[in-house]
Structure formats: structure tokens, C-alpha cells
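**Q**
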Amino acid sequence: MGKATQDLRKEHDSILHVLKILDKMMSTDKKEDIVKLKYYNELVYFLKIFADKCHHGKEEKYFFVELVNKGIPNDAGLIGSLLQEHSQSREYIALMGKSLESKDLIEFNTAATKYSNLLKSHIEKENNVLFAMADQLLDEESQDALFEKFEQHEESVIGHGVHEELHSMIHNWATEFEV
Ligand SMILES: [Fe+2]
Ligand SMILES: [Fe+2]
102 MGKATQDLRK EHDSILHVLK ILDKMMSTDK KEDIVKLKYY NELVYFLKIF
152 ADKCHHGKEE KYFFVELVNK GIPNDAGLIG SLLQEHSQSR EYIALMGKSL
202 ESKDLIEFNT AATKYSNLLK SHIEKENNVL FAMADQLLDE ESQDALFEKF
252 EQHEESVIGH GVHEELHSMI HNWATEFEV
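Okay, so the sequence shown: first residue is 102 according to the numbering used here, each after it adds one.
#1: Among HIS223, LYS204, THR129, which one has its Cα closest to the Cα of HIS113?
#2: Using a 10 Å radius around the Cβ and a threshold of 16 neighbouring Cβ atoms, would you call ALA235 buried or exposed?
#3: Is it buried or exposed, GLY178, if we count other Cβ atoms within 10 angstroms and call 16 or more buried?
#4: For the candidate residues SER190, LYS137, GLU133, TYR141, whose alpha-carbon lies nearest to that of TYR154?
#5: Is the separation between the beta-carbon of GLU280 and that of ILE135 shorter than 7 Å?
#6: Using a Cβ-Cβ cutoff of less than 7 Å, which residues in the same chain neighbour GLU241 once the five nearest sequence positions on both sides are dropped?
#7: Leaving out the 5 sequence neighbours to the left and right, which residues in its chain are closer than 6 Å to ALA152 when beta-carbon positions are compared?
#8: What are the complete alpha helix (DSSP H) segments, minimum 4 residues, inside the region 138 to 220?
#9: Is the region 155 to 170 touching the region 253 to 260 in the sense that three or more CB pairs, one from each, lie closer than 8 Å?
#10: I need the boundaries of the alpha helix (DSSP H) containing ILE259, first residue and last residue.
#11: Closer than 8 Å is the cut-off here; do at least three beta carbon pairs connect the region 190 to 201 with the region 210 to 225?
#12: Within a Cβ cutoff of 8 Å, which residues of the same chain sit near LYS125, ignoring the five residues on either side of it in sequence?
#13: Measuring straight from C-alpha to C-alpha, what distance separates GLN107 and THR211?
#14: Could you give the C-beta distance for LEU201 and TYR141, rounded to a whole number, given that I count them as a contact under 8 Å?
#15: Going by CA-CA distance only, name the one from ILE180, TRP274, MET197, HIS264 that's closest to GLU160.
#16: Consider the C-beta atom of GLU227 and the heavy atoms of ligand 2; say whether any pair is separated by less than 6 Å.
#17: Comparing C-alpha positions only, which one of ASN228, VAL119, ALA105 sits nearest to THR276?
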């Protein structure tokens with residue numbers, strides 16, 4: 102497996118871990134709503150910065166572009182449907198954020214469940230179909246060049262300080278909700 106696909110796969114693992122925590126947060130009745138609200142706000146922040154800006158950004162700006170250059174069809178094919186799912190996921194995150202502003206946990210659960218289901222199937226598709234294609238189509242040199250761009254992208258949208266902050270947030274949630 103090339104360096105670029107490996108990097109994206111690792112990010113998928115982090116996102117799946119957070120989705121598991123989110124599912125647990127929504128299903129537990131051991132926490133007060135006010136406590137849940139605090140964690141949901143942090144989680145939406147994580148999804149916006151890490152899952153969307155950082156991860157989807159890497160895919161859209163560099164990875165998909167390179168694969169289309171190598172002959173994978175864009176709009177009509179697999180990449181087109183993946184892009185559509187990215188934009189659908191943004192709409193769900195926006196709904197999650199809005200429901201938190203009005204402290205509406207029922208609405209939050211509806212949007213968050215849709216988001217979680219969408220992202221899980223999206224990640225499965227990328228892991229099993231797209232990355233297998235990528236590993237066939239991209240040689241080591243292209244994988245390394247993409248990985249370089251990923252690093253720069255990550256630095257510009259997240260930076261070291263925020264990266265640490267996100268990691269410690271995941272750690273706190275996992276401890277708090279025993280995931
Ligand atoms: Fe994606
Ligand atoms: Fe992805």
C-alpha cells in the first residue's frame with residue numbers, strides 16, 4: 102500500500118473511532134443533556150476540522166484529482182458519487198450544528214445518525230474499492246508526491262497545536278463514554 106492511501110486509511114480509522122463514540126453518546130442514558138451538549142459541540146468541531154476540512158480536503162484537492170488524471174471517470178462514476186456524499190455529509194454537519202444552537206437533542210440525533218450511517222458506508226467504499234484502484238494505478242513516486250501535499254494541507258488547515266487538541270479530545274470522550 103502506498104503512503105498516500107495509507108495516510109487516508111489511518112484517518113478513516115480515527116473517524117470510525119469517533120463515530121463509534123458518537124453512537125455511544127447518543128445511546129447512553131447515563132449522562133445529563135447538558136453534559137451531552139458539551140460533548141456534541143466538541144464532536145461537531147472535530148468533524149468540521151478533521152473529517153471535513155482535513156480529510157475530505159485531501160481527497161478532493163489532491164487524491165481524487167490525481168486518480169481522474171490517471172483515467173478514473175469523474176462525474177458519472179465512482180468519484181462523482183463520493184463527491185456527492187462529501188457534500189451531503191456537510192449538510193448533515195450543518196444540521197447537527199444548528200440543532201445544537203437551539204439545544205434540540207432530538208433533531209441532533211436524527212442528523213447525527215444520518216451522518217454516521219453515510220460516513221460509515223462512504224469509508225467502506227473508499228477503503229475497499231477506491232484505494233484498491235489507487236494502489237494499482239499510482240506508482241510509488243505519485244504516492245509519495247501526494248503524501249507530501251497531504252502533509253502541507255494538514256499543516257495549513259490544522260497545524261500542530263490543533264492536532265494535539267483533537268487527539269486529547271478523542272481521548273477524553275473515549276474515557277468518559279468507555280469506548
Ligand atoms: Fe471521502
Ligand atoms: Fe475518506
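In this text, a Cβ means the ideal position worked out from N, Cα and C, and glycines have one as well. From a predicted model like this one, the values you see are computed outputs, not experimental measurements.
**A** According to the structure shown:
#1: HIS223
#2: Burial state of ALA235 is buried, judged by a 10 Å Cβ sphere holding 16 or more other Cβ atoms.
#3: exposed
#4: In the sequence as presented, Tyr is not what sits at residue 154; that position holds Lys. Per the Cα distances, SER190.
#5: In the sequence as displayed, the identity of residue 280 is Val instead of Glu. Between VAL280 and ILE135, the C-beta gap is not smaller than 7 Å, which leaves the two residues out of contact.
#6: Closer than 7 Å at the Cβ level, and outside the excluded window around GLU241, lie GLY103.
#7: ILE116
#8: With a minimum length of 4 residues, the continuous alpha helix (DSSP H) runs that stay inside the region 138 to 220 are 165 to 170, 179 to 202.
#9: Yes: the two stretches touch, three or more of their Cβ pairs being nearer than 8 Å.
#10: For ILE259, there is no enclosing alpha helix (DSSP H), since its DSSP letter is neither H nor E.
#11: yes
#12: PHE278, GLU279, VAL280
#13: A straight line joining the alpha-carbon of GLN107 with that of THR211 spans about 32 Å.
#14: 6 Å
#15: ILE180
#16: With a cutoff of 6 Å, GLU227 counts as near ligand 2, since its C-beta is closer than that to a heavy atom of the ligand.
#17: For the residues ASN228, VAL119, ALA105, the minimum Cα distance to THR276 belongs to VAL119.
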